[in-house]
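What follows is a short report on a single structure.
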Amino acid sequence: DIQPGVTIVIGPGTEVIAGEGKILTAGGFDTHIHFICPQQVDEALMSGVTSMLGGGTGPAHGTFATTCTPGPFHIARMIQAADEFPVNLGFAGKGNASRPAALEEMIKAGACALKL
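Position 2 of the sequence shown, counted from 1, bears residue number 2 in the UniProt record's numbering, the numbering being contiguous throughout.
Here it is in structure tokens:
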């Protein structure tokens, strides 16, 4: 309750989370991102988006852009490239493999979702 003249009642079913020493920011979550350039992070933040889920392999245009990242090598490189961005990023792996082992490799590489 930090707004003058506004009383916010915290109900008995509300879980209070300790935020000391953290930066807590409300923000949107875009779950359909074609990661094609780093400038997307700046645009997202200016729009109030703080979390992004999608895929890609880096710079792309037109029909080459995708919302899934094909294979463990590309997932690892995308995670590495995004390490310094001040947003929450999740990368979706390509989930249309016929064998479970290929899907497991992408999860182990860091994919947080599989796009079918």
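Glycine residues also receive a C-beta, built at the ideal position from the N, C-alpha and C atoms.
Computed from a predicted model, the values in this text were never measured in an experiment.
Mind reading off the beta-carbon distance from residue i to residue j? Whole number of angstroms is fine, and I expect it under 8 Å.
i   : j    : result
G56 : A65  : 7 Å
T69 : A101 : In fact, because the Cβ distance is near 17 Å, the residues do not count as touching under 8 Å.
N96 : L116 : 6 Å
P59 : K108 : That belief does not hold up - the Cβ atoms of P59 and K108 are roughly 26 Å apart, past 8 Å.
G48 : G27  : 6 Å
A50 : T25  : In the sequence under discussion, the amino acid at residue 50 is Thr, which differs from the Ala named in the question. T50 to T25, Cβ: 6 Å. Contact.
Which residues bound the beta strand (DSSP E) around residue i?
i   : result
V22 : Val is not the amino acid found at residue 22; the sequence shown has Lys there. Element bounds for K22: n/a, residue is neither H nor E.
N88 : N88 to K94
State the DSSP-derived secondary structure class of residue i, mapped to helix, strand or coil.
i           : result
residue 125 : Limits of the chain in this structure are 1 at one end and 116 at the other, which puts residue 125 out of reach.
D42         : helix
A65         : coil
I10         : coil
F29         : strand
A109        : helix
F73         : helix
A18         : coil
L114        : strand
Indicate whether residue i and residue j have their beta-carbon atoms separated by less than 9 Å.
i   : j   : result
A76 : G90 : no
H32 : G54 : yes
M52 : Q40 : yes
A82 : F35 : yes
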